[in-house]
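Residue numbers (the numbering used here): 46 to 116.
For every residue, glycine included, the Cβ atom is placed at its ideal position computed from N, Cα and C.
Accompanying notes for the structure given below.
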Ligand SMILES: [Zn+2]
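In structure tokens form, the structure reads like this:
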């Protein structure tokens with residue numbers, strides 16, 4: 046289940062919430078003041094995950110090339 050990060054424009058509280066579907070995303074309210082004036086943030090957590098996963102294959106590739114060079 047995806048976790049989305051929202052920021053409340055009224056009290057500037059940043060909070061994370063589970064959103065199982067797009068209609069649910071429209072019902073998200075601030076956890077502090079319950080305002081509907083919230084905006085979805087681009088998740089830095091997700092971009093970090095994809096960045097680390099792109100690094101892993103690169104390390105595996107260099108391992109393979111050194112093996113092929115040995116044989
Ligand atoms: Zn708020």
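Please say whether residue 74 and residue 81 have beta carbons closer to each other than 8 Å?
Residue numbering aside, residue 81 sits at position 36 when the chain shown is read from its first letter. Residue numbering aside, residue 74 sits at position 29 when the chain shown is read from its first letter. In contact: residue 81 and residue 74 (Cβ atoms closer than 8 Å).
Would you say the beta carbon of residue 62 comes nearer than 7 Å to a heavy atom of ligand 1?
Sequence index remark: in the chain shown, residue 62 carries index 17 (1-based). Residue 62: no, Cβ never under 7 Å from ligand 1.
For residue 67, name the three-state secondary structure that DSSP assigns.
By one-based count along the chain shown, residue 67 stands at place 22. Three-state DSSP puts residue 67 in a helix.
Can you have a look at residue 53 and say buried or exposed, based on whether 16 or more other CB atoms are within 10 angstroms of its CB?
Locating residue 53 in the chain shown gives position 8, counting from the first residue. Buried, since its Cβ has 16 or more Cβ neighbours within 10 Å.
With 16 as the cutoff for other CB atoms within 10 Å, does residue 83 come out buried or exposed?
Taking the first residue of the chain shown as 1, we reach residue 83 at position 38. The residue in question, residue 83, is buried, as its Cβ has 16 or more Cβ neighbours within 10 Å.
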